[in-house]
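S.K.:
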Amino acid sequence: IAATQPSTNWHLKENAREHHTSKFSSEELVVRRGQAFTITFNGAERPEQNLIFIAETGPKPSKSTRTLATFDISSTVSKEGWSAVLQSSSSNSVSISISSPHNAVIGRYRLSVQSGSSSPASVGTFVLLFNPWASGDDVFLPNKAECEEYVLEEFGIIFAGNKNHISGFGWNFGQFQGDILNICLAILDRSLYYRQDPITDVSHRHDPKYLGRVLSAMVNANDDQGVVLGNWSGKYEGGKNPSSWTGSGEILQSWKKSGYKPVKYGQCWVFAAVLTTVLRCLGIPTRTITNFSSAHDADGNLRVDEYYDAEGNHLEKGADSVWNFHVWNESWFTRNDLGPSYSGWQILDATPQEQSGGIYQCGPASRHAIKEGEVDLDYDVTFVFAEVNADSMYWNLDSATGKKTLIFSKSTEIGASISTKAVGRDDRVDVTSDYKYEEGSAKERDIFKKARKKLGLEDKFDPTAPKVEEVEQKPDISGKFKVAGSLEVGKDLNLLLVLENLQSDAKTVNVNMTAWSTLYTRRRVNQIWKDSISVTLAPKEEKQFPIKIKYPEYQQQLTTDKTIQVTALCHVEGGMQVLVKRNITLDNPGIDIQVLGEAKVNKEVVVEVAFTNPIDTEVKDCVLQVEGSDLLQGILELRIPPLKASETSSTKFKLIPSEAGPKHLLVNFSCDKFADIKTFKMVNVIN
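Going by my numbering, the letters in the sequence shown line up with residues 1204 to 1890, in that order.
1. Please classify L1254 as buried or exposed, where buried requires at least 16 other C-beta atoms within 10 Å of its C-beta.
2. Label R1220 either buried or exposed according to how many other C-beta atoms from any shown protein chain fall within 10 Å of its C-beta, with 16 as the threshold for buried.
3. Residue range of the alpha helix (DSSP H) that L1215 falls in?
4. Verify whether the separation of the beta carbon atoms of G1359 and G1452 is less than 7 Å.
5. List the residues that DSSP assigns as beta-bridge partners of I1818.
6. What did DSSP end up calling L1349 once you bin it into helix, strand or coil?
7. Just list the alpha helix (DSSP H) runs in the region 1320-1397, keeping only unbroken ones of 4 residues or longer that don't cross its boundaries, in chain order.
8. Between the C-alpha atoms of Y1597 and K1646, what's the straight-line distance to the nearest angstrom?
9. Once you ignore the five residues that flank E1349 on each side, which residues in its own chain have a CB closer than 7 Å to its CB?
10. Looking only at its own chain, which residues have a Cβ that is under 7 Å from the Cβ of G1469, when we skip the five neighbours before and after it?
11. Could you spell out where the alpha helix (DSSP H) holding D1637 opens and where it closes?
12. So, P1845 versus E1821, is the Cβ gap smaller than 7 Å?
13. Which word fits Q1906, buried or exposed, when buried means at least 16 other C-beta atoms lie within 10 angstroms of its C-beta?
14. Nearest-angstrom Cα distance between L1609 and V1233?
15. Can you say whether I1889 is buried or exposed, counting buried as having 16 or more other CB atoms within 10 angstroms of its CB?
16. Just how far apart, CA to CA, sit H1409 and L1289?
17. So what does G1450 bridge to, in DSSP terms?
18. If you drop the 5 nearest sequence neighbours on each side, which residues of the same chain put their C-beta closer than 7 Å to that of V1578?
19. Is T1711 buried or exposed, if buried means 16 or more other CB atoms sit within 10 Å of its CB?
20. Among S1278, S1707, G1261 and S1277, which residue has its Cα nearest to the Cα of K1271?
21. Whole angstroms is fine: what's the gap from E1283's alpha carbon to S1225's?
22. Kindly indicate which residue of N1871, K1876 and N1346 has the alpha-carbon position closest to the one of N1375.
23. Is the beta carbon of A1475 sitting closer than 7 Å to the one on V1530?
24. Between which two residues does the beta strand (DSSP E) holding C1825 run?
25. Select from V1481, T1815 and G1442 the residue whose C-alpha is nearest the C-alpha of P1411.
26. Quick one: is S1496 buried, meaning 16 or more other Cβ sit within 10 Å of its Cβ, or exposed?
27. Alpha carbons only, please: which of L1696, E1575, G1693 and L1740 is nearest the one belonging to N1713?
28. Return helix, strand or coil for Q1780, following the three-state DSSP convention.
29. Report the rounded CA-to-CA distance for T1211 versus V1330, giving the unit in angstroms.
30. Measuring alpha carbon to alpha carbon, tell me which residue in A1718, Y1723, P1264 and L1600 is nearest N1729.
31. Could you work out which residue in D1629, A1287, R1570 and G1618 is closest to P1304 when comparing CA atoms only?
32. Taking all protein chains shown into account, decide if E1776 is buried (16 or more other Cβ within 10 angstroms of its Cβ) or exposed.
33. Do D1833 and E1811 have their C-beta atoms within less than 7 Å of each other?
34. Enumerate in chain order the residues of its own chain whose CB-to-CB distance from E1352 is below 7 Å, with the five nearest sequence positions on each side excluded.
35. Return the CA-CA distance between N1791 and G1364, expressed in angstroms with no decimal places.
36. With burial defined as no fewer than 16 other Cβ atoms inside 10 Å of the residue's Cβ, what is the status of A1687: buried or exposed?
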């Protein structure tokens, strides 16, 4: 063969169709493991009798690390290793079907062929990925519609807001676009694991457990100059505000273009979305999961402690916190290290919250292990268990004496409305019952006790806490905040504080109220408002106190997360304190997308985006950002002139769709008064 230098036909189209890799925009063969692909050598002189193939990957390929395979032509596909079967041959061409094992190392391979005693000739390279369509693969997903969604779908919806008010925004995962596959392979070669021991690292790349853990470390910048730098300060100079991204492509491309410097900035959904892109690209079924009222239990005692001063201000004390929401990933694969009941969805989390094994990585934690309280199983089950199950403890802290008094504790607060996008539809699905038994049920408490026992916590109540009897003391009044009217940026915020006397004698209550703008992590940024009232409640009486926070009062203070925490600390004369709090997420005004005419492959279609300024002052610095896989290349950015009060802007632009099917267009509109108004529209592209 070497003498005549035959040409190779990789049958890119046919192989890609068979291997569900047609969406990659690559000139290189991309195939999935455990499945045959065909290549044809033209100009070969019937050499098939003694052809030997060599497939190798990584820096020092060897048979012992399963990064090197040599195989000749056989009559059947090998059960164990690589094999080549003759498909057809003529006087000057030979077609060969090559199969890799179900547990082959994934990555870029070099293929060479040797004929007789001549030296091996390079045929070229191909990329081998995980295969969720093949029953022998660790990532095998029997449901075809789920394979379509969790591997092939480039559009996702990420849920956010808070548990009283869930919202969702679109995201362009874009795992098949441009250079993303090469960037994903580059991520693997830049991990700490690879740098410390490249040969061992590559030999483990057959294992989705291993790659999931490595990638959960690499998607954040901590430890390893990974992809995204986190920032939860509320100040994003020198980078992009995390809420302004609309897809992973721009982030991954920027990381590569900058010479692999971390991209500024991300928060939890950005880490989760980028990890989804990388794992779907490599063929591991993956989805984003949003947990509302998500606990960050820093000290591993399955409790989250929050502190308030006498005025009702939430104090930044202790490392524990509760976020309005937190986004992580689930990936689907077997857990042969734990046993069959722990296979299926596994939690991976690339947000750098706590170290695991000395670096910021998290998972894979078996979802089944979390539901059953098996907190001693690998990896990081305790941390994820606490995120959905921790008990909340609310303390009053006297800063002068340092004395802590427990106001109340709650076991049903954490881990609500755990959400993900539906398969094949743009809807929300609630998966809370896959993470825990019903809140308040005996089974749920039993699992919690089992977890505490496994962690050696069963009898250790915090020695600084008050006596247990004191904890059980019943409050004299109850309170809650009710929303009256709409929750929209640009409008006044109207609330009602509802207080009820639970006793049969009158009570005098002194109430200290505050409102702060926060991040979605409930970190306080600016005080917006404070007030105090003194009220007397007749026996069993309920009273409502209206609260109005005007738009000009909060406009300057609001963060781009659009979240406000309102608290009322009620001091009942002669009784215990009662804390009333509510986290409020405001909605942005709407934005409208119209596709004018039919969307056809390779034909121009006009899209119109309209925004009406809802406030009574001018808005300026308006920018519209548009993206969508298979609808346009990269990101379109349009500047829009200032808009007077109540004025509507209408912006038109053209798309040229490149592929048929349901595609999603994502739009992000920002101006000086409104940050990152997001919407998406499904565009059905026809041939």
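Ideal Cβ positions, reconstructed from N, Cα and C, are used throughout, including at glycine.
M.R.: The answer reads as follows:
1. buried
2. exposed
3. L1215 to H1222
4. no
5. None; I1818 has no bridge partner.
6. Sequence inspection shows Glu at residue 1349; the Leu mentioned does not correspond to that position. Helix, per DSSP.
7. 1347-1350 and 1383-1391
8. 25 Å
9. P1488 and V1626
10. V1431, L1432, G1433 and P1445
11. T1635 to Y1638
12. yes
13. The requested residue 1906 is not part of the displayed model; the chain covers only 1204 to 1890.
14. 59 Å
15. exposed
16. 27 Å
17. N1375
18. V1584, T1585, F1588, A1654, K1657 and L1658
19. exposed
20. One detail in the question is off: residue 1271 reads as Leu in this sequence, not Lys. If we check each option's Cα against that of L1271, G1261 comes out closest.
21. 27 Å
22. N1871
23. yes
24. C1825 to E1830
25. V1481
26. buried
27. L1740
28. strand
29. 16 Å
30. A1718
31. A1287
32. exposed
33. no
34. V1626 and G1627
35. 12 Å
36. exposed
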